[in-house]
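Take a look at the structure below.
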Amino acid sequence: GENVEQHPSTLSVQEGDSAVIKCTYSDSASNYFPWYKQELGKGPQLIIDIRSNVGEKKDQRIAVTLNKTAKHFSLHITETQPEDSAVYFCAAGGNYQLIWGAGTKLIIKP
Amino acid sequence: GAGVSQSPSNKVTEKGKDVELRCDPISGHTALYWYRQSLGQGLEFLIYFQGNSAPDKSGLPSDRFSAERTGGSVSTLTIQRTQQEDSAVYLCASSLGGTHTGELFFGEGSRLTVL
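Chains as they are written, first to last, in my numbering: chain A, 101 to 210; chain B, 64 to 178.
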């Protein structure tokens with residue numbers, strides 16, 4: 101079936117450094133790629149999304165890039181802060197369903 | 064309320080008992096989703112509602128799991144004859160439409176522990 105692979109499963113970075121999380125999808129019909137952040141004890145929350153007609157999107161310290169040819173997309177967080185510590189999920193969606201990655205636990209070291 | 068509300072937030076039950084989990088979506092959201100999240104794992108899709116109908120229930124793990132939605136609003140996920148492997152956090156999400164290309168608003172989840 102369709103799947104989304106997400107790497108790394110855990111990422112530890114020094115506060116102030118950048119973090120990059122990568123996802124690869126298999127369904128070429130996917131045209132919507134959201135990223136969700138899940139803090140401990142909470143439900144996931146959308147932080148940024150991108151559609152297939154756009155290659156890059158930025159919102160303050162967060163950016164997402166999409167390469168449809170290679171079928172991969174990435175989340176970039178710059179100038180990381182302690183509040184960025186959480187689990188991040190990517191997903192790829194089309195007309196029928198949203199397929200989720202397994203998640204990346206991001207740890208920001210002081 | 065302003066967000067998706069789930070109850071109970073925590074449920075401990077004995078193996079073999081039935082449980083009901085409730086989800087109250089954001090008013091006006093026609094699409095509603097149930098997901099299961101085991102400890103430290105990703106999101107496992109269970110079922111999707113558009114209005115009161117469930118066009119996709121492919122993720123329900125067994126016939127012990129069922130869900131309904133009434134009045135295009137509140138949804139109930141029922142697990143019959145619970146097993147220890149059912150222990151997980153059950154997340155509900157709602158969205159404005161059902162195209163799978165819009166923002167999902169999640170509740171905080173119902174943590175189920177089966178002893």
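Quick reminder that beta carbons are idealized off the backbone N, C-alpha and C, glycines included. All figures in this text were calculated on a predicted structure; none of them were measured in a lab.
Counting only runs of 3 or more residues that sit fully inside the segment 142-193 of chain A, the beta strand (DSSP E) segments are 145-151, 156-159, 162-167, 172-177, 186-193, in chain order.
Residue pairing by DSSP places I207 (chain A) opposite A:S112 in a beta bridge. At a cut-off of 9 angstroms between C-beta atoms, A202 (chain A) counts as an interface residue with respect to chain B. Excluding five sequence positions before and after L106 (chain B), the CB atoms of its chain that fall closer than 6 angstroms to its own CB belong to Y98, Q100, given in chain order. In this structure, T124 (chain A) lies away from V154 (chain A), with their beta-carbon atoms at least 9 angstroms apart. For N131 (chain A), at least one C-beta of chain B is nearer than 9 angstroms to its own C-beta. Non-local C-beta neighbours of G114 (chain B) in its own chain, meaning closer than 8 angstroms and more than five positions away in sequence, comprise T93, R132, G135, ordered along the chain. C-alpha of Y96 (chain B) to C-alpha of Y132 (chain A): approximately 17 angstroms in a straight line. With a cutoff of 9 angstroms on beta-carbon distance, P88 (chain B) and S138 (chain B) are scored as near each other.
In this structure, the straight-line span from the alpha carbon of G193 (chain A) to that of E77 (chain B) is close to 37 angstroms. A check of alpha carbon separations from E183 (chain A) across A:I199, A:K157, A:N167, A:L140 identifies A:L140 as the nearest. The residue from A:Y188, A:I199, A:I208, A:Q106 with its alpha-carbon nearest to that of K122 (chain A) is A:Q106. The beta carbon of Q145 (chain A) falls within 9 angstroms of a beta carbon belonging to chain B, placing the residue at that interface. Chain-ordered listing is empty here: chain B has no CB closer than 9 angstroms to the CB of G155 (chain A), the nearest sitting near 18 angstroms. Taking all protein chains in view, the Cβ of L178 (chain B) is surrounded by fewer than 16 other Cβ atoms within 10 Å, so the residue is classified as exposed. G203 (chain A) sits buried, since 16 or more C-beta atoms from the chains shown fall within 10 Å of its C-beta. Put simply, the CB of E148 (chain B) is far from chain A, with every gap to its CB atoms at 9 angstroms or more. Among the residues of chain B, those whose CB is under 9 angstroms from the CB of F189 (chain A) are G105, L106, following chain order. Contact between V82 (chain B) and S157 (chain B) is absent: CB atoms are separated by about 21 angstroms, not below the 8 angstroms threshold.
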